[in-house]
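full-length UniProt numbering numbers the first residue of the sequence shown as 1 and each following residue consecutively. Even glycine gets a Cβ: it sits at the ideal position worked out from N, Cα and C. None of these values were measured; they are calculated from a predicted model. So the structure is just underneath, and the comments pick up after that.
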Amino acid sequence: MSLVNQTFYTLNGSPNYITFEEYDSEVMYIDSDIEIVMNHMIHKANTYGVKYLNICLNQNAPHYTSFSRLLIKNNFKKQSTTLQVKRALTNIKEPPTVPFSLKGLNTISEKEFKHIWKFSMEGSLNTPSQLSIDEQLDAVKTELGLHWEDSCIAVYKDNQPTGVVMPHIEPGTTNEGRLFYFGLVPEMRGKGLSQPLHYYALYLLKGMGATYYIGSTNIVNTPMIHTFQKNKCAVHRKTDRYCLEMYE
1 MSLVNQTFYT
11 LNGSPNYITF
21 EEYDSEVMYI
31 DSDIEIVMNH
41 MIHKANTYGV
51 KYLNICLNQN
61 APHYTSFSRL
71 LIKNNFKKQS
81 TTLQVKRALT
91 NIKEPPTVPF
101 SLKGLNTISE
111 KEFKHIWKFS
121 MEGSLNTPSQ
131 LSIDEQLDAV
141 KTELGLHWED
151 SCIAVYKDNQ
161 PTGVVMPHIE
171 PGTTNEGRLF
181 YFGLVPEMRG
191 KGLSQPLHYY
201 ALYLLKGMGA
211 TYYIGSTNIV
221 NTPMIHTFQK
231 NKCAVHRKTD
241 RYCLEMYE
């Protein structure tokens, strides 16, 4: 096993980005190891010809300070701090009633889905994406592969576009549930919809075979953090995202 694979997941969103996400590990890199790992990641990014290389460092890793300093020295920019949460899905039950309806790409067009997704990102407290909405959907197709369409779900209330949920099993795992995106359009925020919609998304993940859920949001996104708390998600870790623009 390579040094990178000992502590990082690889999320391949080529041709737009490649992301290396550090998970919990007892592995501690010495300074020479850190440089080898960083150079390996840069080589991978060059191999795939991506626009952006993202490295997400676990704040609790013993080598965090040394690694982050090396990234800054090599022109990486700190983009955001993310709170990750975790929840077992064994006791998730189907809600008796839900105040919304869901429509997949077998019902609505890809164009309509992208429109609602883009609208859901307006005014979000999360760090804005560097990618266009078309590039983000391309990343979904690349990362999730076969059956990516099953993860693209638009949400409606009283036939009005309300938001999107994008449940999927994390690539490289068989039972880790994640949401590629979760969000409400601006006029539907603050109406008590986030908690029941998020809970229903957890129910969908369980139906996909997930036994646990990993969620994340920007550390400043207090409304989403409250939604996690209401749905009994526990803090898992904090990560800092560093980005290198490969072709400036």
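Within 8 angstroms, do at least three Cβ pairs link the region 45-60 to the region 207-214? no
For G163 and L184, which I take to be in contact (beta-carbon distance under 8 angstroms), what is that distance rounded to the nearest angstrom? For the purposes of this step, residue 163 is identified with residue 163 of the sequence shown, where counting begins at 1. For the purposes of this step, residue 184 is identified with residue 184 of the sequence shown, where counting begins at 1. At roughly 4 angstroms, the Cβ-Cβ gap stays under 8 angstroms, so G163 and L184 are in contact.
If I measure Cβ to Cβ from G13 and keep anything under 6 angstroms in the same chain, skipping five residues before and after, which residues do I get? Position 13 of the sequence shown holds residue 13. Around G13: A139, T142 and E143.
Helix, strand or coil for F113, going by three-state DSSP, please let me know. In the sequence shown, residue 113 corresponds to position 113, counting from 1. F113: helix per DSSP, three-state reduction.
Can you check whether the CB of Y212 is closer than 7 angstroms to the CB of A61? Against the sequence shown, residue 61 aligns to sequence position 61. Against the sequence shown, residue 212 aligns to sequence position 212. No, these two residues do not count as a Cβ contact at 7 angstroms.
Taking one C-beta from the region 235-243 and one from the region 194-206 each time, how about it: are there three or more such pairs within less than 8 angstroms? no
Neighbourhood of S124 by C-beta, 7 angstroms cutoff - its chain only, sequence neighbours within 5 removed: Taking the first residue of the sequence shown as 1, we reach residue 124 at position 124. Cβ neighbours of S124 beyond the five flanking positions: G183.
Determine the DSSP secondary structure at T174, reduced to helix, strand or coil. Counting from 1 along the sequence shown, the entry for residue 174 is found at position 174. Coil.
With DSSP collapsed to three states, give me the class of I30. Locating residue 30 in the sequence shown gives position 30, counting from the first residue. Note: I30 maps to coil in three-state DSSP.
Nearest to I92 by alpha carbon, out of G172, L131, G177 and N39? In the sequence shown, the residue the question calls residue 92 occupies position 92. For I92, the nearest C-alpha among the options comes from G177.
Please report the straight-line C-alpha distance between V85 and F228, rounded to a whole angstrom. The sequence position of residue 85 within the sequence shown is 85, counting from 1. The sequence position of residue 228 within the sequence shown is 228, counting from 1. V85 and F228: Cα-Cα distance of roughly 8 angstroms.
Which residues in the same chain have their Cβ closer than 7 angstroms to the Cβ of L137, if we skip the five residues on either side of it in sequence? For the purposes of this step, residue 137 is taken as the residue at position 137 of the sequence shown. Within the same chain, L137 has close Cβ partners K114.
Tell me the rounded alpha-carbon separation between P196 and K118. One-based indexing of the sequence shown puts residue 196 at position 196. One-based indexing of the sequence shown puts residue 118 at position 118. P196 and K118: Cα-Cα distance of roughly 21 angstroms.
Cross-strand partners of N54 (DSSP beta bridge): In the sequence shown, counting from the first residue as 1, residue 54 sits at position 54. In the DSSP output, where bridge partners are listed per residue, N54 has T19 and C243.
Own chain, CB closer than 8 angstroms to S151, minus 5 neighbours either side, in chain order: On the sequence shown, residue 151 is found 151 positions in, with the first residue counted as 1. Here the set comprises V140, L144, M166, P167, H168 and F180.
Sequence-distant residues of the same chain with beta carbon closer than 6 angstroms to N58, five excluded per side: The sequence position of residue 58 within the sequence shown is 58, counting from 1. Cβ within range, chain order: E22, R237 and T239.
How many Å lie between T127 and I72 at the Cα? Within the sequence shown, the letter at position 127 stands for residue 127. Within the sequence shown, the letter at position 72 stands for residue 72. The alpha-carbon atoms of T127 and I72 are separated by roughly 19 angstroms.
According to DSSP, what are the bridge partners of Q195? On the sequence shown, position 195 is the one that residue 195 refers to. DSSP lists no partner for Q195.
Helix, strand or coil for F76? Go by DSSP, reduced to three states. In the sequence shown, the residue the question calls residue 76 occupies position 76. If DSSP states are grouped into helix, strand and coil, F76 belongs with coil.
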